[in-house]
Each structure stands twice: as structure tokens, then as C-alpha cells.
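Visitor: Residue numbers (the UniProt record's numbering): 1 to 280. Don't be surprised by glycine CBs; every beta carbon is placed ideally from N, CA and C. Given the structure is predicted, the values throughout are model-derived calculations rather than measurements.
#1: Rounding to the nearest angstrom, what Cα-Cα distance links residue 220 and residue 25 in this structure?
#2: Can you tell me whether residue 40 is buried or exposed? The criterion is at least 16 other CB atoms within 10 Å of its CB, across all chains shown.
#3: Starting from residue 13, trace the alpha helix (DSSP H) both ways and give me its first and last residue.
#4: Looking only at C-alpha atoms, which of 256, 245, 255, 276 sits nearest to residue 262?
#5: Have a look at 139, 162, 124 and flag the residue whose alpha-carbon is nearest the alpha-carbon of residue 151.
#6: Apart from the five residues on each side of it in sequence, which residues of its chain come closer than 7 Å, Cβ to Cβ, to residue 144?
#7: On the DSSP bridge list, what partners appear for residue 74?
#8: Can the beta-carbon of residue 64 be found less than 7 Å from the beta-carbon of residue 76?
#9: Roughly how many angstroms lie between the CA atoms of residue 47 and residue 23, to the nearest whole one?
#10: For residue 57, I'd like the list of residues in its chain whose CB is within less than 6 Å of its CB, leaving aside the five on either flank, ordered along the chain.
#11: Measuring CA to CA, which of 78, 255, 259, 156 is closest to residue 242?
#12: Thinking C-alpha only, which one of 208, 10, 226 is nearest residue 202?
#13: DSSP state of residue 94, grouped into three classes?
#14: When the Cα atoms are used, what is the spatial distance from residue 162 to residue 146?
#15: According to the neighbour-count rule (16 or more other Cβ atoms, all chains shown, within 10 Å of its Cβ), is residue 276 buried or exposed?
#16: So the alpha helix (DSSP H) residue 56 belongs to, where does it begin and stop?
#17: Assuming the contact rule is C-beta atoms closer than 8 Å, residue 193 and residue 224 should be a hit. Round their C-beta distance to whole Å, please.
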């Protein structure tokens with residue numbers, strides 16, 4: 001696999017994360033899959049293809065493993081500077097950081113909110129979200145990020161793994177892919193997201209990653225009884241299995257699409273009750 005065969009979108013996508021940010025390769029992998037940057041091919045499934053891309057980026061030192069950790073890496077600072085220096089038509093990632101002005105160009109497919117941004121409502125509401133596919137939040141969460149005044153109808157990925165004080169997501173009908181394995185103190189971020197999920201009773205589409213044996217029961221309770229859910233995608237952390245999903249008290253019987261990423265030792269009992277299921 002040569003560098004030319006890796007799409008520019010894979011490389012430019014890396015600028016969502018700062019050069020000082022430790023990231024898990026699987027976090028990047030599942031985001032690529034959700035965005036459609038990694039697909040099934042004759043040579044392998046999307047997950048395998050994504051892992052090959054990541055391995056090649058590591059071999060090329062575009063992504064660098066952290067010596068103190070087996071599961072964390074960082075974007076090469078030189079490449080990160082190159083990526084963010086590219087014209088907007090090349091790099092579809094745009095960031096809110098520091099004290100952004102209203103005159104700054106604010107549109108694109110991927111928005112990343114840095115922890116040092118001053119959370120200016122006026123600046124945020126001036127953004128054109130019509131093409132936005134992903135929203136990544138670092139630091140403090142604000143309710144105006146997702147509200148009835150913001151049109152994010154194309155949003156596919158909502159990454160809150162590094163967000164703090166999450167709440168008030170009730171405006172969402174489509175919950176792209178959210179990582180619930182939060183890092184802000186004893187899994188408090190994940191618990192906040194699960195509490196919000198319980199309230200989203202009009203939700204049609206949901207994608208969740210970061211499910212593990214420590215939070216799978218909370219997840220089952222969170223989606224129990226959702227009467228309008230049509231599409232559900234669940235990704236288990238590496239080394240875990242999805243058998244615990246049989247613990248959903250009231251499975252969403254309106255599902256017509258169910259995607260499970262991870263080990264499943266047996267077919268989930270409640271899938272037999274899904275009369276509208278077209279894709280598994």
C-alpha cells in the first residue's frame with residue numbers, strides 16, 4: 001500500500017485532533033467507517049481496510065505511537081501543520097478555538113470545537129452547518145451546540161469522548177455515531193449521554209461506539225422502549241462481546257437496520273421479534 005493509495009480525506013481528517021492530543025486508533029477507525037471513508041471491498045471488510053490505512057500512516061510516521069502507551073498515538077506535528085495550512089477547499093475540517101471572529105471562514109464538513117474556544121454563541125450561530133457531517137467537542141459542552149436553531153441534518157458523527165458536562169441533546173432525531181466511553185472522571189461523560197438518550201424518544205437513527213462490559217447495562221436501559229428507532233449501530237470495545245445486548249428490557253421493534261461490530265457468541269434473542277428488519 002503506497003501513500004498515493006491513501007485518500008487525501010483520510011489524512012486531512014486527522015486535523016480534527018490537535019497535534020498534542022493523544023488519540024486511540026480505533027476511535028479514528030470507527031469514525032472513518034461511520035463517515036464512509038472506509039468501506040467493504042473485495043479485499044476485505046471496512047474495519048480491516050481501515051486498520052491497513054492506520055498501519056500505513058504509522059509506518060509513514062504521519063501518525064506516531066506514544067512510547068508510554070500501547071493504545072495511544074498522536075498526529076505528527078509537522079504533518080499536522082501542513083494539513084491545517086491547506087486551503088479550505090482541500091481541508092474540509094474547520095475549528096473553533098480561542099476567540100474566533102465573525103469574519104473567519106466558518107463552513108465545511110467537519111467541525112472541531114477546541115477546549116480553549118470562548119463558547120461565543122454569536123459566532124456559533126453564524127456558521128453554515130448545511131454540509132456538516134461531524135461535530136467533535138473538546139472541553140465544556142454547551143446546550144446551543146445542538147438546538148432547534150441549528151440545522152445539522154447531514155450530521156453523521158457526534159464525538160463527545162473528550163467533552164465535559166454533557167447535557168440537553170433532546171433536539172436530536174439522528175444521533176450519528178457517539179463514543180460513550182468518555183474520559184472525564186469515572187465514566188461520567190458516558191453516563192450523561194445515556195441519560196440524554198433516554199429522553200430522545202423521537203430518535204430515528206443511532207450509532208454508538210465504546211460499549212463495554214462496564215456500560216452495556218446502562219446502554220440497554222437507555223434505548224429501551226424507543227418506539228421510533230429505525231436504524232441502530234453498536235460497536236463494542238476491542239476484546240468485549242455484544243451478548244449483553246440481550247438485556248434490553250423493551251427492544252426497539254421498529255428497527256429495519258441493525259449493525260453490530262464486535263464478537264457475538266449467539267444471535268440476540270430479540271432480533272427474532274423485529275418484523276421490519278431488512279438489514280442485519
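Guide: Considering the structure as presented:
#1: 26 Å
#2: exposed
#3: Run containing residue 13: none; DSSP gives neither H nor E here.
#4: 245
#5: 124
#6: 121, 124
#7: 64
#8: yes
#9: 18 Å
#10: 63
#11: 259
#12: 226
#13: strand
#14: 16 Å
#15: exposed
#16: 46-59
#17: Incorrect: roughly 15 Å between the Cβ atoms, too far for contact.
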